[in-house]
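Numbering (the numbering used here), first residue to last: 179 to 529.
Glycine included, each C-beta is placed from N, C-alpha and C at the ideal position.
This structure is a prediction, so every number in the text was calculated from the model and none was measured.
Take a look at the structure below.
Set out below in structure tokens:
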């Protein structure tokens, strides 16, 4: 009998077998694809990932892009940190290579907004990790580069990265709509700035650091306001929110967390021995409730290479209200790229 005519699992209906296959960890897919052609076909389809999402058993998967200094092109990878000795999985680059684009993760999809192709563009490039394929989404109303962008309750918001006088300085997109299209979000001229240097979502509000101070946008109340001065002063580079605390690093390279309710920064204790000081910066992401840090370091090949390393940190509160971190995993030198390369995007998708 032809392999395609066999049941997926002998003795079980295929609909039950599909649920069993979907519950297997994503890391086992390469091995499971060798069971049979029918299994391979199932694992290459989006169905198991859709089912995993419906069952709330999706796994986080770290997705990064590394920008090379000479060509300006980016290399994209999936990183699977809990698999020891697992090589980074290359993924196809977007159809339009851009500089200064903003990345927004939404479930299994990554939305890459705008950027520059010599001049700012309005492209929306969508990567579907279930299919490992890029597609083009509805273009933004305003071309943007180095904008603020994030998703709040399934809706993508983008602002800045264009002239403050632009009619669509701020706009939104609901990808789940029947006919997704960008809509202008009213914003007072007093808050508008061009360049945005960091974005995060905290308490359902979109926070952004700009050239002059910062901006808070509350989609539920449709209100705009300034970021607290203490937050702006301590926010360096890319930040991540874990457990309603915003994390970044200070000028000494120490990881710190900002408590919005208390309005203060606290250094994360317990990381000094296992992690380097991030004097040259690091990229942060929320990886399934862990704080993930990705950084560049000097390679061993006579300074000709840059090594990419990353770590996952479990965070907890101390009795005195401080923050303690415990390194759960540490992967050093997982990628070796040309000297001068840097991490341009780092997000967590769900598969």
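Below 8 Å on the Cβ atoms is my contact criterion, and I expect residue 259 with residue 288 to pass it. Report the Cβ-Cβ distance as a whole number of Å.
Wrong, their Cβ atoms sit about 18 Å apart, outside the cutoff.
Residues in the same chain with beta-carbon distance under 7 Å from residue 465, minus the five sequence neighbours each way, listed in chain order, please.
238, 240, 490, 526
I need the straight-line Cα distance from residue 435 to residue 421, nearest angstrom please.
10 Å
According to DSSP, what are the bridge partners of residue 374?
388
May I ask you to report which of helix, strand or coil DSSP gives residue 275?
coil
To the nearest angstrom, how far is the alpha carbon of residue 271 from that of residue 419?
Rounded to the nearest angstrom, the two C-alpha atoms are 27 Å apart.
Considering only residues of the same chain and omitting the five flanking positions on each side of residue 305, which have a CB-CB separation below 6 Å?
Closer than 6 Å at the Cβ level, and outside the excluded window around residue 305, lie 288, 312.
What three-state label does DSSP hand residue 225 in the structure shown?
Here residue 225 sits in helix by DSSP.
Rounded to whole angstroms, what is the Cα-Cα separation between residue 378 and residue 500?
In a straight line, the C-alpha of residue 378 is about 22 Å away from that of residue 500.
Hey, out of 458, 528, 524, 516, whose CA is closest to residue 247's CA?
516
Could you tell me if residue 429 is buried or exposed, where buried requires 16 or more neighbouring beta carbons within 10 angstroms of its beta carbon?
exposed
Only counting the same chain, and skipping five residues up and downstream in sequence, which positions put a Cβ closer than 6 Å to that of residue 369?
393, 402
By the three-class DSSP mapping on this structure, what secondary structure does residue 511 have?
strand
Have a look at 494, 386, 509, 335 and flag the residue whose alpha-carbon is nearest the alpha-carbon of residue 475.
Of the residues 494, 386, 509, 335, the one whose Cα lies closest to the Cα of residue 475 is 509.
Shorter than 8 Å from the beta carbon of residue 222 to some beta carbon of chain C?
Absent here is chain C; the protein component of the structure consists of one chain.
State the CB to CB distance for the pair residue 455 and residue 243, rounded to an integer number of angstroms; the pair is presumed to be in contact (CB under 8 Å).
Not confirmed; about 25 Å, so no contact.
Provide the residue(s) that pair with residue 177 in DSSP beta bridges, ordered along the chain.
Examination of residue 177 is not possible in this model, given that the chain is present from 179 through 529 alone.
Can you find the residues in the same chain that come closer than 8 Å, C-beta to C-beta, to residue 262, ignoring five residues on each side of it along the sequence?
Residue placement at residue 262 is flagged as unreliable, the pLDDT there being 49, under the threshold of 50; a coordinate-derived value is accordingly withheld.
Could you tell me which residues DSSP puts in a beta bridge with residue 525?
241
Check whether the region 483-497 touches the region 186-196, counting contact only when three or more Cβ pairs, one atom from each stretch, lie closer than 8 Å.
no
Give the range of the alpha helix (DSSP H) segment to which residue 209 is assigned.
207-210
Suppose the cutoff is 8 Å on Cβ atoms and the five residues either side in sequence are ignored; what does the same chain contact list for residue 349 look like?
318, 319, 320, 335, 336, 337, 360, 361, 362, 363
Note down the Cα distance separating residue 445 from residue 325, rounded to an integer number of angstroms.
28 Å
Tell me whether residue 443 sits in a helix, a strand or coil according to DSSP, three-state version.
strand
Tell me whether residue 235 is buried or exposed, calling it buried when 16 or more other Cβ atoms sit within 10 Å of its Cβ.
exposed
Please state if the CB of residue 275 and the CB of residue 251 are separated by a distance shorter than 8 Å.
yes
Taking the beta strand (DSSP E) that residue 343 belongs to, which residues open and close that run?
Looking at the DSSP string, residue 343 is not in any beta strand (DSSP E), and its letter there is neither H nor E.
Helix, strand or coil: which one does DSSP assign to residue 217?
Helix.
In chain order, what are the residue ranges of uninterrupted beta strand (DSSP E) at least 3 long that sit wholly in the region 278-340?
280-284, 287-291, 302-306, 311-314, 326-330, 333-337
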